[in-house]
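Novice:
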Amino acid sequence: MTNALSRSDPGRLNAALLAWYDRQGRALPWRVRPEDRARGVKADPYAVWLSEIMLQQTTVPHAAPYWHAFLQRWPTVHDLASAPREDVMAAWAGLGYYARARNMHACARVVSEELGGEFPRDLDALRALPGIGDYTANAIRAAAFDLPASVVDGNVERVVARLFRIETPLPRAKAEIKAAAAGIAASGARPGDYAQAVMDLGATVCTPRSPACGICPWRSACAACDAGAQTDYPRKERKKQKPVRYGVCFHLTRDGPGGAELLLRRRPEAGLLGAMMELPGTDWTEEAPVAEAIAASAPVGADWQEAGRVRHVFTHFRLELDVRTARLAAGDAGPQGRWVSVGALKQAGLPSVMMKAAKLGF
DNA sequence: TAATCGTGGTA
DNA sequence: TTACCAAGATT
């Protein structure tokens, strides 16, 4: 039991990690732990799928409230499938990567209408569904069905790159890492628990900046730790620095029957913030828009006042968004459009950048 | 293969 | 402030 592990012995690595998971693994809202299973609790594939979609590139604390809210509002895949898409998008607002929400809704409709509400167990059948790629298909197989799978997320990439001290930088090393990860995953029983365990190890012990190697169940097998170079792995290519884009948006309010209202519009279907609500405004360009372009983008001719500037960071550029505000005179209905009660702005489903702009206008 | 696609937390 | 990071998928 105290014998040193070897990274060329996948069976013992697998067993050691499972033993660690039984003691130290996290309890997460969507997770069925071994002791839960012993009490007869079974995973709900719909709830598992929902969690995996929300957790793509997203932290547990950020995703968790959304997961609870979605399950409460739409308890089954049929409920979600029959919900209006604008309701789903609004409920997703603030989580980011909005293509996930569009794909999630499309996936729910396929599962509800074509698959009788049952998620597939087959890897290729899962991967064929919208929003489900290689990682998520394996994660659903493992967490929902306890079927053989190899999950490789950012956590696992880090753990495996350190264990084998892989010199190839990401993302080129993905194939090599996947192969190594699959070898260990396939070398034991309890595939569902193993998948959770290897991700937990990366999330709580083998962390990016300050790994807790002293308590790691794989310490005695880890090549990077032997070299005292844990945080040098995984190797990564340098990232490009983000360009800046500039834009102007318009915060127009009027007096409605139930109080003040704000003018919004829906963004185009695809692309950045696709299908989400926004304040009307100019395009976001590398050069600040000129006066003519700004005037042409205003929803109405008015005495626009400068309300301030929103700075927001997207995945591949930074945005500096000037907010201009105006209030229509009493009795002036203003332009056609989606007027939203200011008192219910949170339910309007604004993405974070637009919520910042909306607040700045008051 | 490389770009695109959010957000909030942390060092 | 800047840079990095978090249960990736799609085109």
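In case it helps, my numbering puts the first sequence at residues 128 to 489.
Virtual Cβ for every residue (Gly too), placed ideally from N, Cα, C.
These numbers were taken from a predicted model, which means no experiment stands behind them.
(1) Just checking my contact of Met497 with Tyr225 at CB under 8 Å: how many whole Å lie between their CB atoms?
(2) Give, in chain order, every unbroken run of the alpha helix (DSSP H) that is at least 4 residues long and sits entirely within the region 369-431.
(3) Look up Asp449 in the DSSP assignment and say whether it is helix, strand or coil.
(4) By how many angstroms is the C-alpha of Trp176 removed from the C-alpha of Gly258?
(5) Does the region 367-378 touch the region 407-420, meaning 3 or more C-beta pairs lie closer than 8 Å?
(6) Closest to Asp149 by CA distance: which of Asn141, Ile304, Pro161 and Gly138 is it?
(7) Using a 10 Å radius around the Cβ and a threshold of 16 neighbouring Cβ atoms, would you call Met128 buried or exposed?
(8) Which residues does DSSP pair with Gly435 in a beta bridge?
(9) Name the DSSP beta bridge partners of Leu155, please?
(10) Provide the residue span of the alpha helix (DSSP H) that contains Arg209, from first to last.
(11) Starting from Val440, follow its DSSP beta bridges and name the residues at the other end.
(12) Which of helix, strand or coil does DSSP assign to Val279?
(13) If you run the structure through DSSP and keep just helix, strand and coil, what is Ser479?
(14) Tell me, please, which residues DSSP counts as bridged to Leu297.
(15) Express the C-alpha separation of Val450 and Asp382 in angstroms, rounding to a whole number.
(16) Contact between the region 263-280 and the region 317-336: three or more CB pairs below 8 Å?
(17) How many angstroms separate the CA atom of Trp201 from the CA atom of Arg336?
(18) Distance, Cα to Cα, Pro503 vs Met404?
(19) Any chance you could list the alpha helix (DSSP H) runs of at least 4 consecutive residues sitting entirely within the region 158-243, in chain order?
(20) Where does Arg150 sit, in a helix, a strand or coil, going by DSSP?
(21) Is Arg465 helix, strand or coil when you go by DSSP?
(22) Measuring only the C-alpha atoms, how far is Arg134 from Leu242?
(23) So for Ala308, helix, strand or coil by DSSP?
(24) Counting only the same chain and skipping the five closest in sequence on each side, list residues whose C-beta sits under 7 Å from that of Ala348.
(25) Check whether the region 353-367 and the region 170-187 are in contact - that is, three or more C-beta pairs closer than 8 Å.
(26) DSSP three-state call for Met128: helix, strand or coil?
(27) Which class does Thr531 belong to by DSSP, given the choice of helix, strand or coil?
(28) Measuring alpha carbon to alpha carbon, tell me which of Asp206, Ala309 and Met481 ends up nearest Gly244.
(29) Which residue from Glu240, Gly488, Glu396 and Gly310 puts its Cα closest to that of Glu433?
(30) Using only CA atoms, which one of Gln183, Lys367 and Cys340 lies nearest to Tyr262?
(31) For Thr295, which residues in the same chain have their Cβ closer than 8 Å to its Cβ, ignoring the five residues on either side in sequence?
Specialist: If we stick to the structure as given:
(1) The chain is shown only over 128 to 489; residue 497 falls outside these bounds and no answer can be derived.
(2) 418-424
(3) strand
(4) 10 Å
(5) yes
(6) Pro161
(7) A caution first: Met128 carries a pLDDT of 47, below 50, which makes its placement in the model too unreliable to give a value.
(8) Val450
(9) Beta-bridge pairing links Leu155 to no other residue.
(10) Per the sequence shown, the amino acid found at residue 209 is Ser instead of Arg. Per DSSP, Ser209 belongs to the alpha helix (DSSP H) from Val204 to Ser209.
(11) Arg445
(12) coil
(13) helix
(14) Lys363
(15) 20 Å
(16) yes
(17) 38 Å
(18) Because the chain spans 128 through 489 in this model, residue 503 falls outside it and cannot be assessed.
(19) 161-165, 172-181, 187-200, 204-209, 212-219 and 226-241
(20) helix
(21) strand
(22) 42 Å
(23) helix
(24) Leu132, Ser133, Arg134, Leu140 and Leu290
(25) no
(26) Low per-residue confidence applies at Met128: pLDDT is 47, beneath 50, and the placement is therefore not dependable, though the value from the model is reported in the following sentence. In this structure, Met128 counts as coil in the three-state DSSP scheme.
(27) Given a span of 128 to 489 for the chain in the structure shown, any question on residue 531 remains unanswerable.
(28) Asp206
(29) Gly488
(30) Gln183
(31) Glu303 and Arg362
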